Amino acid sequence: MKESTQKIKSTKVFDGKLLKVYKDEVLCPNNDKATREYVIHCKAAAILPITDQGKIILEKQYRYPISKEYIEVPAGKANDGESIEDTAKRELEEETGLKASKLIKVGEIYPACAYSTEDITLFIAKNLKEGNIHRDEDEFIELITVDSKEFIKMCLDGRITDAKTIALAFYYQQSLLN
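In full-length UniProt numbering, the protein residues as written are 1 to 178.
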């Protein structure tokens, strides 16, 4: 079923550093009017770093909106004019201090398409070399290294609940089967 709506009016409700929020009035296919509220978010990259020994490098950091520590892969938003591959390389080094000589694009996700335009390109990073950590002033990240079985188990038992990390676990697991 192809459903489309026609935008009647769009109002910017919030214009922040990270995102913009809109409230639109739309005309539905049945000619009823409705309201759509959504977030405009720039493109982002998420990276699953795998060491030469097959270990997975994850991050643990406090996430303010959910008020708890969260385990996830390195990730971040693209800067204006930056390719998504360059975003992945930059974020990997900034957050983990590692550079990847092999960066494999494995997929793309929209983690909350009902209310957000956020689009995350997923990468697996291999052939890691030491670089320099240079995190943002408000980033407090603890790096965690786990073996691949433990990584998958963490996704299955609820220790990891982050959508981009679980998506990368799926792609990683599939790559092991093929």
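The beta carbon of each residue, even a glycine, is placed where N, CA and C say it ideally should be. In this text the structure is predicted, and so the values were computed from the model without any measurement.
{"query": "How big is the Cα-Cα spacing for glycine 131 and isoleucine 47?", "result": "16 Å"}
{"query": "Locate the alpha helix (DSSP H) running through serine 83, then write down its first and last residues.", "result": "Note, serine 83: premise wrong, no alpha helix (DSSP H); not H, not E."}
{"query": "Just how far apart, CA to CA, sit lysine 33 and leucine 92?", "result": "44 Å"}
{"query": "Kindly list the residues whose CB is nearer than 6 Å to the CB of threonine 87, restricted to its own chain and excluding five residues on each side of it in sequence; keep chain order.", "result": "Ala45, Ala78"}
{"query": "So is phenylalanine 140 buried or exposed if we call it buried at 16+ other beta carbons inside 10 Å?", "result": "exposed"}
{"query": "By the three-class DSSP mapping on this structure, what secondary structure does phenylalanine 140 have?", "result": "coil"}
{"query": "Does DSSP classify glutamine 61 as helix, strand or coil?", "result": "strand"}
{"query": "Going by DSSP, what residue range makes up the alpha helix (DSSP H) through residue 180?", "result": "Missing from the structure shown is residue 180; the chain here goes from 1 to 178 and no further."}
{"query": "What residues are listed by DSSP as bridge partners for serine 49?", "result": "Inspection of the sequence shows that residue 49 is occupied by proline rather than by serine. Ala125, per the DSSP bridge assignment."}
{"query": "On a Cα-Cα basis, can you pick out the residue from Ile109, Ser101, Arg135 that is closest to residue 199?", "result": "Nothing about residue 199 can be reported from this structure: the residues present for the chain run from 1 to 178 only."}
{"query": "Within 10 angstroms of the Cβ of isoleucine 56, are there 16 or more other Cβ atoms? Answer buried if so, exposed if not.", "result": "buried"}
{"query": "Pick out whichever of Leu176, Glu95, Thr5 has its Cα sitting closest to the Cα of residue 182.", "result": "With the chain running from 1 to 178 in the structure shown, residue 182 is simply not present."}
{"query": "Count the other CB atoms within 10 Å of the CB of aspartate 80; is the residue buried (16 or more) or exposed (fewer)?", "result": "exposed"}
{"query": "Excluding the 5 residues flanking alanine 169 on each side, which residues of the same chain have their C-beta closer than 7 Å to its C-beta?", "result": "Phe151, Ile152, Cys155"}
{"query": "Answer with buried or exposed for alanine 112, where buried requires no fewer than 16 other C-beta atoms within 10 angstroms of its C-beta.", "result": "exposed"}
{"query": "According to the Cβ coordinates, are valine 73 and threonine 161 closer than 9 Å?", "result": "no"}
{"query": "Considering only C-alpha positions, which residue in the set Tyr38, Lys20, Pro49 is nearest to valine 26?", "result": "Tyr38"}
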